[in-house]
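K.L.:
Numbered per our numbering, the sequence shown spans residues 693 to 1175.
Idealized CB from N, CA, C, for every residue including glycine.
The structure presented is a predicted model; accordingly, all values stated were derived computationally and were not measured.
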Amino acid sequence: MQKQIDTDTAGGAIAVPEHWSSNRRDFLRILGSGALAASLGSLAGCSSGNASSRADELRNQLLADERFWATVNAMFPLNPAKRFMNVGTAGSMPIVSLDLFDTENRAKAAECLSGYTNLLTERTQVAPGFGVDPDELAFSANTSSGMCHAILGLQWAPGDVVVTTNHEHPGGDVPLAIAVARYGIEVSRVALPVGNNQTAQTYVDLFDNHIRSLRTQGKRVRAMMWSSPTYKTGTMLPIAELMEVAKRHELISIVDGAHLPGMMAYNYADLGMDFMSGAGHKWQCGPGSTGILVVRNKIRASNPLPLPNWFPIHTSSWTPRPRTTNGTATYDIGSVITSCGSLHTPMFRALVSACGIWDQIGRKKIETYDLTLSAYLKERIAEIWGVGSLYSPMDDPKLVSALTSFNPFRNPADVFNSTKSGQFVTRMLSDYNPGFVIRNVNVPVVGAPSDHYVIRISTHLWTSVADVDKLVAAMADLTTKMG
Ligand SMILES: Cc1ncc(COP(=O)(O)O)c(C=O)c1O
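#1: Find the nearest neighbour of Tyr895 within the set Val937, Ala961, Ile944, judged by alpha-carbon distance.
#2: Any chance you could list the residues with Cβ under 5 Å from a heavy atom of ligand 1, keeping chain order?
#3: Three-state secondary structure (DSSP) at Ser1122?
#4: Can you tell me whether Gly926 is buried or exposed? The criterion is at least 16 other CB atoms within 10 Å of its CB, across all chains shown.
#5: For the beta strand (DSSP E) that Phe967 lies in, which residues bound it at each end?
#6: Cβ atoms of Val1146 and Tyr1083: under 8 Å apart, would you say?
#7: Which residue or residues does DSSP assign as beta-bridge partners of Asp1159?
#8: If the criterion is Cβ atoms closer than 8 Å, does the pair Val1044 and Val818 meet it?
#9: Compare the Cα-Cα distances from Gly972 to each of Asp1161, Val1160, Ala830 and report the closest residue.
#10: Hey, is the segment 1116 to 1130 in contact with the segment 1152 to 1166, meaning 3+ C-beta pairs nearer than 8 Å?
#11: Assuming His1144 is part of the beta strand (DSSP E), what are its boundary residues?
#12: Based on the DSSP secondary-structure assignment, which residues constitute the bridge partners of Arg912?
#13: CB Phe1003 to CB Leu985, shorter than 8 Å?
#14: Report yes if the CB atom of Asn959 is closer than 8 Å to the CB atom of Ile991, and no otherwise.
#15: Report yes if the CB atom of Leu754 is closer than 8 Å to the CB atom of Tyr1068, and no otherwise.
#16: Quick one, which of Gly949, Met1039, Glu758 has its alpha-carbon nearest Met785's?
#17: Does the beta carbon of Leu1153 come closer than 8 Å to any beta carbon on chain B?
#18: Take the Cβ of Glu942 as the centre, count every other Cβ of all protein chains shown within 10 Å, and call the residue buried at 16 or more, exposed below.
#19: Closest to Cys840 by CA distance: which of Leu792, Gly978, Val987, Asn1132 is it?
#20: Answer with buried or exposed for Gln893, where buried requires no fewer than 16 other C-beta atoms within 10 angstroms of its C-beta.
#21: Can you look up Leu829 in the DSSP assignment and give me helix, strand or coil?
#22: What does the alpha-carbon distance come out to for the pair Asn1103 and Thr857?
#23: Grouping DSSP H, G and I as helix and E and B as strand, with all else coil, what is Lys1070?
#24: What is the rounded straight-line gap between the Cα of Gly1078 and the Cα of Ala1042?
#25: Reducing DSSP to helix, strand and coil, say where Asp962 ends up.
#26: Taking the DSSP output, what are the residues bridged to Asp948?
#27: Could you pull the start and end residues of the beta strand (DSSP E) that Lys774 belongs to?
#28: On the criterion of 16 or more Cβ atoms from any shown chain inside 10 Å, does Cys804 qualify as buried, or is it exposed?
#29: What are the boundary residues of the alpha helix (DSSP H) that Arg988 is part of?
#30: Taking the straight line between their C-alpha atoms, what separation do you get for His951 and Thr809?
#31: Using CA atoms only, rank isn't needed, just tell me which of Trp975, Leu1095, Ala1074 is closest to Trp1050.
#32: Taking just the CA atoms, how far does Trp1154 sit from Ala762?
#33: Whether or not the segment 1091 to 1099 and the segment 1056 to 1072 are in contact is what I'm after, with contact meaning three or more pairs of Cβ atoms, one per stretch, closer than 8 Å; do they touch?
#34: Here's a check: name, in chain order, each residue in its chain whose Cβ is nearer than 7 Å to the Cβ of Val1137, leaving out the five neighbours to either side.
#35: Can you give the Cα-Cα distance for Phe768 and Arg904, rounded to whole angstroms?
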């Protein structure tokens, strides 16, 4: 039987402001003018002075902009019977992008339109939102495809070592395994901590010590590959700090940034990694089978290391050309990676549309909202289940993302119980009204005899404070029922 979630803090339906039309297209037109985004302040500094706890403080910050986010919520065709909090697996396209997708699809069919293009116009529209030039941004099929472009395109020699972590996704781990089998590279893993008792420096020390120790053993460490954030605990491995480690040791840097586009407002030219592979279909809310791959293609002050030798592994547009040794690109690497036969242009134009909406709202504003929702959720979890239940960090701002992982069960042995963890996920959807779409994930934990199974929650721009309150109430109820 479904339980209606009703808490004293959970508000009712949120009204669209009277002076805005409830018609979604009208809102989008206002948004498109830029006037609305310009008039909106950031969350920070909007809090009430009456907050009695950190959770109350965060809640008040979120409520200050509640009407705006309710209107953003109305831009998505989400099933109102559910609350979608597994964006880390799949996003939802804004209605305006869906409409564009449909129109472009029909035009393509009506006119037999060609898909032979390097999508330069589209890459030029999207690139500024990520802080890079169009030649430094490629469209890929998804994060995994971007990781294959990056890892399998590098010129490896037998015995090269890639330092990575024990919390990687198969999207990065599998191309590494292929490089092991095909090129004879070695993979060496840093074991990651979980929970709140960690700082950005923890990661600097872990990677730096690991690399030094390998080098002392005579190993030829050539690259670092890591997820920011990891899909297991949502820990944002601190990119800027890890880039300092990579540069100090003159390493190629590969970031699995599946969750970064649409969640974080990072400037990738400033960060300077060699590769950042992100999803278009998760937090960025583009169509399925879209990804954004940022590739370092010129020397910038942020990373003075030489560009690594790299060859395309999936393209129909390439002539041998040296990589640049200065600040001017020798060729458009984004074009080489994007161009592979005939492309489904409507799909990428719909991604461009979603990116345009993010740019209009403000990527930093979305990041602030997502992270504040997640901070609020983490505080509520810490209040009810204890901070020790969290597998995500919450106190170091450099380590947080909009993914929150925790163990909801009271009996310590239950964290090893994958079946029970799976039932928790299933019942959060089936037993409550609204139902909650969340997921669970296995986490290798240092010193544990086997993986822990924890619950993972994504908080994104369509989620309200009331949604988080209802989610927490439902999880507390289910914890009581399941023991
Ligand atoms: C960290 C990480 N990397 C890679 C992937 C694979 O993503 P995609 O489906 O975009 O290839 C995921 C998917 O959830 C992920 O969380």
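P.N.:
Per the coordinate set shown:
#1: Restricting attention to Val937, Ala961, Ile944, the CA atom closest to the CA of Tyr895 is found in Val937.
#2: Asn834, Thr835, Ser836, His861, Gly863, Ser919, Tyr923, Asp948, Ala950, Ala971
#3: helix
#4: buried
#5: 967 to 971
#6: yes
#7: Under DSSP, Asp1159 takes part in no beta bridge, so it has no partner.
#8: yes
#9: Relative to the Cα of Gly972, the nearest Cα in the group Asp1161, Val1160, Ala830 belongs to Ala830.
#10: yes
#11: 1144 to 1150
#12: Asp852
#13: Against a cut-off of 8 Å, the Cβ pair of Leu985 and Phe1003 comes out as no contact.
#14: In this structure, Ile991 does not lie closer than 8 Å to Asn959 by Cβ.
#15: yes
#16: Met1039
#17: Judged by its chain identifiers, the structure shown contains no chain B, having just a single protein chain.
#18: With fewer than 16 other beta carbons inside 10 angstroms of its own, Glu942 counts as exposed.
#19: Measuring from the Cα of Cys840, the nearest candidate turns out to be Val987.
#20: exposed
#21: Note: Leu829 maps to strand in three-state DSSP.
#22: Going by the C-alpha atoms only, they are around 29 Å apart.
#23: helix
#24: 42 Å
#25: Looking at Asp962 - three-state DSSP - the assignment turns out to be helix.
#26: Ser919, Ser969
#27: 774 to 776
#28: exposed
#29: Careful: Arg988 lies outside any alpha helix (DSSP H) and carries neither H nor E.
#30: Going from the Cα of His951 to the Cα of Thr809 covers about 27 Å.
#31: Trp975
#32: Going from the Cα of Ala762 to the Cα of Trp1154 covers about 7 Å.
#33: The segment 1056 to 1072 is in contact with the segment 1091 to 1099.
#34: Val886, His1144
#35: If you take the alpha carbons of Phe768 and Arg904, they lie about 49 Å apart.
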